[in-house]
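The structure appears below as structure tokens.
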Amino acid sequence: MGSQDEVMGLLSLPPEIRDQIYTIILHPSNNRTFQQDEYTDYDYRDALPIFRLNRQIYYEARDIFRTLNVFIRVETPWHEAEQHVNIVGHVPILMQGSRAARFKGHTLQVTIETPAAAEPEQITHQFIMLADDLPAFTKAWFYWDLSHPGLNRWLSLRLFLRDPHTPEWDEKHVRRDVQKRLLLPFGDAKGLKECTVIGDPKPQPKILAELRALQAVKPPPPEHCLSECIRLKAEGNELLQKGQVHAALEVYNQAWEAIHILIRGRQRHVHAEAFFARDLVDEPFRGKNGQLERMNLRLQLVANHCLAYLKLEDWEELKFWGMRTIQLMRQASGANDSPVPPEDEALLGFPSAAQVGKIYYRTAQALEHLGERSEARRLLRVAQVYLPNDQTVKKNLAALALKLG
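Structure follows, in structure tokens:
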């Protein structure tokens, strides 16, 4: 707790300067903690002492806190929803269960219902999140619907705006910018059985119309997603050729996202398998299978990631990216259970076989630098099957054989 001189020093500043100080201390982004694989949480313990300095500072800081920290309570019939939102959507959950049910400081109540939810014995599950994380929440919902086509037509969504801080007897108010921030992200929830938006205060009609318009926009078809991925991959390749490796990796991540695969640190969230499981009708993919085309692009992007980490000499990341794909390939060939001849491990009929060969070759280089020479040699022997005319692979295999003796 600050001394009396420090308190008086703060109060001697102009109000607008004090507000800037409160904003820095209490803003959600400044109290967000970062964890592995881009997971985040919130920890306000260092900020809370500002409320104990004196009464005037308490009320001033409280107003700023309420402006910056807008809470949302979500009620859903699925107990898995919270885990899905947190793990797959990377949305920090502030409260859950009975604590969330008792919480009254939320500005938006989100209720998701299924036909069974109308039954009296139906148990609902509640959690609290910040408005800062709402776009990640609705995007996770968007991907969930793409992965389970037709899900949304069974769901009803009820959004209720509320003013948690104005006394019951006074007129309620939620600023226009806050209403847009809270309602428009639900444009990602498309094809719902029903979507009701009410509240006290009532939502502004223009914002409601904008929300309806967003919900009416259909997701781009698989052909568009694939084309966008190809464009971004080519853009990343250009950056890589210019030596801008980190910029290339950022663009490659955008290419992944274009085909609904999200890269978060070392996690890869693959969405919309069912969405791509169709025969494509638009050029240049007409007559091709969406899943196979996406698989081709996935292998090309992994090979490009491996090349980027090779240029950075980041052997651990190169090994991780390469071995994850190689393990999947080995599952298909049965090589995970026990070593098989290189000719049997290589799946030459697999889409983008040449790209798979590059993944094996580049991963072998990482393993060699990490001292795992026996496994590196095994990968090089498989790479040679995939890339029989690549002299670099042959030379590296011969050199590694000499080192192993």
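Going by the numbering used here, the first residue of the sequence shown is number 4, and it counts up by one from there. By construction, the Cβ of each residue, glycine as well, lies at the ideal position given by its N, Cα and C atoms.
Spatial neighbours of residue i within its chain, please: CB distance less than 6 Å, with the 5 preceding and 5 following residues excluded, ordered by chain position.
| i | result |
| --- | --- |
| C228 | A261 and I262 |
| L133 | P31 |
| E226 | L283, D285 and F288 |
| A356 | Y389 |
| Y61 | F54 |
| K193 | Q218 |
| Q294 | F279 and A280 |
| C232 | A258, A261, I262 and L300 |
| K291 | L283 |
At the 8 Å Cβ level, is residue i part of the contact set with chain B, yes or no?
| i | result |
| --- | --- |
| A219 | In the structure shown, chain B does not exist; there is a single protein chain. |
If you count every other CB in all the chains shown that lies within 10 Å of the CB of residue i, and 16 or more means buried, which is it?
| i | result |
| --- | --- |
| G337 | exposed |
| E116 | buried |
| K322 | buried |
| N392 | exposed |
| M4 | The predicted position of M4 is uncertain, since its pLDDT is 48 and thus under 50; a value taken from the coordinates is nonetheless stated next. Classification for M4: exposed. |
| I67 | buried |
| E296 | buried |
| P223 | exposed |
| F1 | In this structure the chain extends from 4 to 408, so residue 1 is not present and cannot be described. |
| V107 | Just to set this straight, residue 107 is Lys in the shown sequence, not Val. The residue is exposed, with fewer than 16 neighbouring Cβ atoms inside 10 Å. |
| W318 | buried |
| R384 | buried |
| T395 | exposed |
| P2 | The structure shown does not extend to residue 2, since the chain is modelled only from 4 through 408, so no value can be given for it. |
| W172 | exposed |
| I329 | buried |
| Q244 | exposed |
| I362 | buried |
Among residues of its own chain, excluding the 5 on either side of residue i, which ones have a beta-carbon nearer than 7 Å to its beta-carbon?
| i | result |
| --- | --- |
| E19 | none |
| E85 | I96, Q99, H128 and F130 |
| G239 | A251, V254, Y255, A258 and N307 |
| V273 | I264 |
| Q358 | L302, Q303 and A306 |
| K397 | Q387 |
| T114 | E78 and R161 |
Thinking residue i and residue j are a contact (beta carbons under 8 Å), I'd like their distance in whole angstroms, please.
| i | j | result |
| --- | --- | --- |
| P118 | W157 | 7 Å |
| S110 | V181 | In the sequence as displayed, the identity of residue 110 is Thr instead of Ser. Their Cβ separation, rounded to whole angstroms, is 7 Å, which keeps T110 and V181 in contact under 8 Å. |
| G352 | L390 | Not confirmed; about 15 Å, so no contact. |
| T43 | R35 | 5 Å |
| L403 | R376 | 6 Å |
| A143 | V91 | 6 Å |
| E41 | G268 | 5 Å |
| L187 | K236 | L187 to K236, Cβ: 31 Å. No contact. |
| L29 | L71 | 6 Å |
| E3 | R21 | As displayed, the chain neither begins before 4 nor continues past 408, which places residue 3 out of reach and without an answer. |
| P152 | A277 | 5 Å |
| H168 | A139 | Their Cβ separation, rounded to whole angstroms, is 25 Å, which puts H168 and A139 out of contact at 8 Å. |
Using CA coordinates, which residue listed in the options is at the minimum distance from residue i?
| i | options | result |
| --- | --- | --- |
| L195 | N57, H176, R215 and I329 | R215 |
| Q368 | G325, V359 and E85 | G325 |
| K331 | R301, S377, Y312 and T169 | Per the sequence presented here, residue 331 reads as Leu, with Lys not at that position. Answer by Cα proximity: R301. |
| F145 | T70, L51, M11 and L265 | L265 |
| P80 | A404, L160 and L29 | L160 |
| T141 | R105, V77 and D340 | V77 |
| Q39 | N299, R380 and Q270 | Q270 |
| V248 | Q294, G293, E316 and F279 | E316 |
| M298 | A311, L310 and F279 | F279 |
| A103 | V94, H87, I75 and Q244 | I75 |
| E213 | G190, S230 and I126 | G190 |
| K314 | G246, C198, P344 and P208 | G246 |
Only counting the same chain, and skipping five residues up and downstream in sequence, which positions put a Cβ closer than 8 Å to that of residue i?
| i | result |
| --- | --- |
| R165 | H109, T110, L111, Q112, K175, V177, G202 and D203 |
| R184 | V73, A134 and L137 |
| S15 | none |
Which residue spans inside the stretch 74-109 form an unbroken beta strand (DSSP E) run of at least 3? 74-79
Going along the chain, which unbroken runs of the alpha helix (DSSP H) with 4 or more residues stay wholly within the stretch 173-234? 179-186 and 208-219
Mind pulling the alpha helix (DSSP H) runs of 4 or more residues that sit fully within the stretch 133-161? 137-150
Minimum length 3: unbroken beta strand (DSSP E) runs contained in the stretch 265-350: 270-273
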